[in-house]
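*Asks:*
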Amino acid sequence: MNESPPPARHPTRLPAVPKVVVCGTSFGRVYLRAAHEDPNVELAGVVSRGSTTSRDYAKSYGVPHYTDVDELPGDIDIACVAVRAGAAGGDGATLSQRLLSRGIHVLQEHLLHPDELADCLRTAREHGVCYRLNSFYPHLRPVRLFLRAAGILRERQRPLHVDATAGGQVVYPLLDIIGRAVGRLRPWTIGEPAPAWPEVTALADPPMPYTALTAVIGGVPVSLRVQNQIHPADPDNHALLLHRIAIAFEGGVLSLADTHGPVLWSPRLHTGRDETGRLLMSGLGTERLAVPSTEILDPAPAPTFRTVFDELWPDSVRIALAQLRSDIADPSRSVSAGQWAVTVTALWQRLTTVMGQPELIRPPAPAPVPLAELIASSGDRT
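Position one of the sequence shown corresponds to residue 190 (the numbering used here), numbered consecutively onward.
#1: So, with DSSP's three-state summary, where would you put residue 400?
#2: In terms of residue numbering, what span does the alpha helix (DSSP H) encompassing residue 284 cover?
#3: Given residue 223, which residues of its chain have a CB within under 6 Å of its CB, disregarding the five upstream and five downstream residues?
#4: Could you say if the stretch 356-369 and the stretch 515-526 meet the contact criterion of at least three C-beta pairs nearer than 8 Å?
#5: Keeping to the same chain, check which residues put their C-beta closer than 6 Å to that of residue 207; ignore five residues upstream and five downstream.
#6: Which term fits residue 459, buried or exposed, when burial requires 16 or more other beta carbons within 10 angstroms of its beta carbon?
#7: Please classify residue 356: does DSSP put it in a helix, a strand, or coil?
#8: Suppose you measure from the CA of residue 572 to the CA of residue 466; what does that come to, to the nearest Å?
#9: In this structure, what does DSSP give as the bridge partners for residue 435?
#10: Please determine whether the Cβ atom of residue 557 lies at a distance below 7 Å from any heavy atom of the ligand HEM.
#11: Give the secondary structure of residue 318 by DSSP, where H, G and I count as helix, E and B as strand, and everything else as coil.
#12: Per DSSP, what kind of secondary structure is residue 418 in: helix, strand or coil?
#13: Quick one: grab the DSSP three-state call for residue 405.
#14: Let's test the definition: count the other Cβ atoms within 10 Å of the Cβ of residue 537 and tell me whether it reaches 16, buried, or not, exposed.
#15: Hey, which unbroken runs of the alpha helix (DSSP H) at 4 residues or more fall wholly within the stretch 478-511?
#16: Which same chain residues, not among the five before or five after residue 298, have their C-beta less than 7 Å away from its C-beta?
#17: Measure the C-alpha to C-alpha separation of residue 280 and residue 219 and round it to an integer number of angstroms.
#18: Looking at residue 284: is its Cβ nearer than 8 Å to the Cβ of residue 210?
#19: For residue 208, which beta-bridge partners are listed by DSSP?
#20: Which residues in the same chain have their Cβ closer than 7 Å to the Cβ of residue 516, if we skip the five residues on either side of it in sequence?
#21: Is it buried or exposed, residue 567, if we count other Cβ atoms within 10 angstroms and call 16 or more buried?
#22: Assuming the contact rule is C-beta atoms closer than 8 Å, residue 305 and residue 275 should be a hit. Round their C-beta distance to whole Å, please.
#23: Going by DSSP, which residues form a beta bridge with residue 529?
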């Protein structure tokens, strides 16, 4: 005889150390590691379709494995859903709604269709729990530094322009990061892609990989370049870069050179003129020329990709989990987070609509290039 699932509950507060389950074991591996290493939560299980690999992950962390939401015990507080939603051909949004209906708070990895997001937020309200959509990349340590620096600059000067580039797979968090960096999302609009000149297309070999668009986010003009290409058999690879963002202020340009850093500050070159109209290059009145032309703001060395996987990514999830716990303690935070996610999702939908379907590409694996070593061994050839 099958046992019925525990009844839905309506939690008003979390225990000191809430119990967390992770749904999905592909990108969910990052969530598993994050929860396992987080002293503020207890990893209490893995939910998956039941593959041997997923069962082995649960066993390696010493937690139960479940194949259905109805199997979960009644003391689970939070579920991390790292299962593709409808925007990527999966049922992650439906899974989240089932968890919310059980009275379980949900942290869901992006991205969702606008209707899916609205359904999850509505289900959370109906059952008195919190739902947070996690765009992941804004919580990475280098991106947090970039956003903190942007906030300090905004206290003194307004942003004048954003130049941003991203792979199509991670354009949703790009929009989120831009909004955070300029301080708001509205007003916003995204224009149609710029047409390619036939002469340029004819001469380009290889073909142009980026789609160029102009936009406004938070009232700030934005130049976007998106690599709207995907390898159908290897969709997580083959982006030429993940994110690169530069924000121009009156005093200089703040740049995130790559998703994982470094963060750069390039003061604006400006000097006065002498009585003959020539630019001042030395002497009195040129004190501002003594500053570095570019400063690396992050004192930490650039991480290896292994460090990115082992440390930076799990740390990002732990920050998102902490934000969800804060939402639960202060429901007004959850409302604001939901409204922000709705607007970012609307931006993403507009952007992907005007760009159209991604171009299918099938390049080989890129050959590694130890450039620093090659330069060192080549000698000075100038």
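For every residue, glycine included, the Cβ atom is placed at its ideal position computed from N, Cα and C.
*Replies:* On the basis of the coordinates in this document:
#1: Looking at residue 400 - three-state DSSP - the assignment turns out to be strand.
#2: Unbroken alpha helix (DSSP H) run through residue 284: 281-290.
#3: For residue 223, where only same-chain residues beyond five positions count, the Cβ hits under 6 Å are 503, 506 and 507.
#4: Counting C-beta pairs with one atom in each stretch, the stretch 356-369 and the stretch 515-526 have fewer than three that are closer than 8 Å, which means they do not touch.
#5: For residue 207, where only same-chain residues beyond five positions count, the Cβ hits under 6 Å are 230, 266 and 267.
#6: Under this definition residue 459 is an exposed residue.
#7: Strand.
#8: The requested residue 572 does not occur in the structure, where the chain is confined to residues 190 to 571.
#9: 352 and 444, per the DSSP bridge assignment.
#10: Ligands in the displayed structure: none, and consequently the ligand HEM is not present.
#11: Three-state result, residue 318: coil.
#12: Three-state result, residue 418: strand.
#13: DSSP places residue 405 in strand when its eight states are reduced to three.
#14: Residue environment analysis places residue 537 among the buried positions, since at least 16 neighbouring C-beta atoms fall within 10 angstroms of its C-beta.
#15: Counting only runs of 4 or more, we get nothing.
#16: Result list for residue 298: 216, 270, 271, 323 and 325, in chain order.
#17: Distance between the alpha carbons of residue 280 and residue 219: 19 Å.
#18: No, these two residues do not count as a Cβ contact at 8 Å.
#19: Looking at the DSSP assignment, residue 208 forms a beta bridge with 231.
#20: Answer for residue 516: 319, 321, 522, 523 and 526, listed in chain order.
#21: Classification of residue 567: exposed, given that the 10 Å Cβ count is below 16.
#22: Yes, residue 305 and residue 275 are in contact; Cβ-Cβ is about 5 Å, under 8 Å.
#23: Its beta-bridge partners do not exist; DSSP assigns none.
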